[in-house]
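Data block below; observations after.
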Amino acid sequence: MAEIPKSSLTRYGKVFLTFARNSLVRDMTFRTNFVLQCISSVGWTMMNVGFYLIIFQYTNTIGADSGWDRDKFFLFIATTWFINSLVQAFFMPNAEEFSELIRTGGLDFALLKPIDTQFLVSFRRVDWSALSNFAAGAVIAIISLYSLATRKVDPLIPSMTSILLYLIFVACGVVIMYSLMICLSATSIWLGRNQTLYNFWFYITNFSRYPMEIYNRGWGRPLYGLFTFIIPVLLVVNVPARILARPVSPQTWEDQLLILWSLLATLLSVLISRWVFRRALLSYRSASS
Amino acid sequence: MPDSAYRSGEMEKNAGLGLRWRLSVWRAILSTALGERLVYRGDFALGTLMRFLPIVTQIFLWYAIFDSIESAGGDTPEDSEIRGFRFTDIVAYYLLTMVARAFSSMPGLASGIAREIRDGEIKRYLIQPIDLISFLLLTRIAHKLAYYVIAILPFGLVFFLCRNYFTEGWPPPQVLIAFVGSLVMGFLIGFFLEAAIGMIGFWFLEVSSLLFVYMLFSFFLSGHMFPLTMLPDNVATVVNFLPFKYLAYFPAAIFLGKIPTEDLPLELAIEVCWLTFFILLCRFAYSRGVRRYSGFGG
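Here it is as structure tokens:
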């Protein structure tokens, strides 16, 4: 990728803002639908919260001595919700549209535009209603942070540093997810259509929803290794959630290595996804009507 | 429409052969739907296998939960249980709910009915000598049969790999019969419940949001997420009265022996009542709906 001069960076920013505004206008045209979508995704969140509340009626932690008690686990859930809602708002609609563009040959028009194709393809639509889950995540995070800070046993108030690091690694998590999604949707150039791959996306990210320690036993170890080092979905939520929820406990060198690996993995996944995307574009044969 | 006039004339002529005629229609519907379904068998078997992946996550999640209960309570691993479910039971439960959902889930049924009403396609059932509900039911049965023909391979594989989670082995024959009965009735309840929801399309043009709410409720209250006995007592009592449990929880609980054998006849009788209720509701909604229907579109 050629180095982008500063002026073109602001240009890309402006283009993105236009995309975001257009999507908002479009969403606001069908306002009832928008509200219903928000309500249903919040409903889904509440169901999940209900499920975890039921679990914590019977246990105090997820995993013996793992430290994921109720408040910390809900902080973990909130992190999952932040990352998933960002991915769903900014990338999911575009990835869906991308395979449609390939199938119909509409990608021709994207290729002709005087702008980076990957940028155009991955930022064109913003699904604003998915951000309602971001708000839901914020509510969960605030409640669990409050509960953590005010509880009698082992209270916890995160420092500014850990909050800053948390934000950085949430961003890293979003980037890893984005790269994975670009890779998956780019394969639809080769395969023509990839309905199963979207299910695949759902099933893979399903692994990222729980503390990674739970996989680190018995026949889970290969999965643990696979999803930490090769398809790093376990890092996505785990690294930021650990930074925020367990800063006091002395960080072992393994924890620090994991944080470093997470940075590296973010960088690598961006590069690899960029490479896969370009390779896939080379094999693109337009489909005409 | 000469064709339909011809057909109805022939129908009268065949009044004596009514049953045979009907059977041949059913066979035609069944074989078409079967053929439709078998076109994408490879993709479909793979998709079914992948559907078990979330269970892998659940296995690890519940192991971690039981792990911490054991270390907190000092029970031996075999003893600790949540509301009568040990760790192995929970895994077996999730696997069995997959079977139950394979019977009771009706993808696209309600939305399909609502779309046919909106597009005006439904009028072909008013003209042709085919009843909408029986036609949909037959198509659905055929789709399900085709599904089982292929899905039995991935299901068999997964159950074989997970056989150790079924600590009790096969249940006694009368329980097994009750299990099969509850699966079949789960299918029928799922069908008529969702068809009845689709009929709401006669009154409201857009039912997709309503459907989503129903899906949320049924996912949570059918026991697909967790065994319903884990709900707090007062909530569990209410949920036990609702029909959603027949879609997932009930068959799995029967198989695992969580419902006492002597209660089985009564419980199944209640299920029959619910089934009758939904059949009547569906028929009633259809007849009322058709009366206020006006065929728009071509």
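First to last, the protein sequences are chains A and B.
Position 88, counted from 1, in the first sequence is what our numbering calls 88; the numbers after and before it change by one each time, with no gaps.
Position 215, counted from 1, in the second sequence is what our numbering calls 215; the numbers after and before it change by one each time, with no gaps.
Here a beta-carbon is modelled for each residue, glycine too, at the ideal position from N, C-alpha and C.
Quick one: is residue i near chain B, going by C-beta distance under 8 Å?
i      : result
M1/A   : Only weak support exists for where M1/A lies, its pLDDT of 46 falling under 50; the value from the coordinates is given anyway. So no, M1/A is outside the interface.
M160/A : no
I231/A : no
G137/A : no
Y12/A  : no
G106/A : no
G220/A : yes
I259/A : no
I83/A  : no
S289/A : Since pLDDT at S289/A reaches only 49, below the 50 mark, its modelled position is unreliable, and no value is offered.
F207/A : yes
N199/A : yes
Y166/A : no
I214/A : yes
Kindly indicate the opening and closing residues of the alpha helix (DSSP H) around residue i.
i      : result
V36/B  : Per the sequence shown, residue 36/B should be read as Glu rather than Val. From DSSP, the alpha helix (DSSP H) with E36/B extends over G18 to L38.
G112/B : L109 to D119
D116/A : Careful: D116/A lies outside any alpha helix (DSSP H) and carries neither H nor E.
H224/B : H224/B -> no alpha helix (DSSP H), and no H or E assigned at all.
N164/B : Segment: none, N164/B is in no alpha helix (DSSP H) and carries neither H nor E.
E194/B : P173 to M199
K258/B : Taken as a continuous stretch (DSSP letters only), K258/B belongs to no alpha helix (DSSP H), as it is neither H nor E.
E267/B : L264 to R292
K72/A  : R70 to F90
Taking 8 Å as the CB-CB limit, is residue i close to chain A?
i      : result
L242/B : no
L205/B : no
V213/B : yes
S4/B   : Because the pLDDT at S4/B is just 45, under 50, the model does not fix this residue reliably, and the value given afterwards should be weighed accordingly. No, S4/B lies away from the interface with chain A (no Cβ there is under 8 Å from its Cβ).
A102/B : no
D233/B : no
Y301/B : Not covered by the structure: residue 301/B. The range shown for chain B is 1 to 298.
A72/B  : yes
I69/B  : yes
S8/B   : Caution applies to S8/B, whose pLDDT of 46 falls short of 50 and renders its modelled position unreliable; the model cannot decide the point.
M98/B  : no
R20/B  : no
L324/B : Residue 324/B lies beyond the residue range present for chain B, which begins at 1 and ends at 298; the question has no answer from this structure.
S111/B : no
Verify the CB distance criterion: does residue i have a CB-CB separation below 8 Å to chain D?
i     : result
I77/A : This model lacks chain D altogether, as its protein chains are A and B.
| task | Can you give me, in chain order, the residues of the segment 36 to 57 of chain B that have a beta carbon less than 7 Å from any beta carbon in chain A? | result | D43, L46, G47, M50, L53, P54 and T57
| request: Mind the definition here: the segment 178 to 195 of chain B touches the segment 57 to 76 of chain B only if three or more C-beta pairs lie below 8 Å; say whether that holds. | output: no
| query | Within the chosen definition, does the segment 103 to 110 of chain A reach the segment 46 to 60 of chain A through at least 3 CB pairs nearer than 8 Å? | reply | no
| Between the segment 182 to 194 of chain B and the segment 98 to 116 of chain B, do at least 3 Cβ pairs fall closer than 8 Å? | yes
| request: Note down, one range per segment and in chain order, each alpha helix (DSSP H) of at least 4 residues found wholly within the segment 101 to 182 of chain A. | output: 107 to 112, 117 to 123 and 131 to 150
| Can we say the segment 197 to 207 of chain B touches the segment 283 to 294 of chain B, given the rule of at least three CB pairs closer than 8 Å? | yes
| said: Pairs of beta-carbons, one from the segment 152 to 163 of chain B and one from the segment 86 to 101 of chain B, closer than 8 Å: are there three or more? | reply: yes
| Between the segment 180 to 201 of chain B and chain A, which residues of the former have a C-beta closer than 9 Å to a C-beta of the latter? | none
| Selection of the segment 41 to 70 of chain A by Cβ proximity to chain B, strictly under 8 Å | G43, W44, M47, G50, F51, I54, I55, Q57, Y58, T59, N60, T61, I62, G63, A64, D65 and S66
| query | Between the segment 25 to 38 of chain A and chain B, which residues of the former have CB atoms less than 7 Å from a CB of the latter, in chain order? | reply | L36
| Interface residues of the segment 177 to 190 of chain A facing chain B [CB-CB below 8 Å] | none
| message | Whether or not the segment 169 to 178 of chain A and the segment 82 to 93 of chain A are in contact is what I'm after, with contact meaning three or more pairs of Cβ atoms, one per stretch, closer than 8 Å; do they touch? | response | yes
| Are there three or more Cβ pairs, one per stretch, closer than 8 Å when the segment 219 to 231 of chain A is compared with the segment 113 to 127 of chain A? | no
| task | Name, going along the chain, the residues of the segment 79 to 95 of chain B whose beta-carbon falls closer than 9 Å to a beta-carbon of chain A. | result | I82 and R83
| said: Across the segment 221 to 229 of chain B and the segment 77 to 95 of chain B, are there enough close Cβ pairs to call them in contact, namely three or more that are closer than 8 Å? | reply: yes
| message | Under 8 Å, with one C-beta from each stretch per pair, do the segment 129 to 138 of chain A and the segment 34 to 49 of chain A reach the 3-pair mark? | response | yes
| field | Sequence ranges, alpha helix (DSSP H) only - wholly within the segment 51 to 89 of chain B, length at least 4 | value | 53 to 73
| query | Hey, is the segment 213 to 220 of chain B in contact with the segment 116 to 126 of chain B, meaning 3+ C-beta pairs nearer than 8 Å? | reply | no
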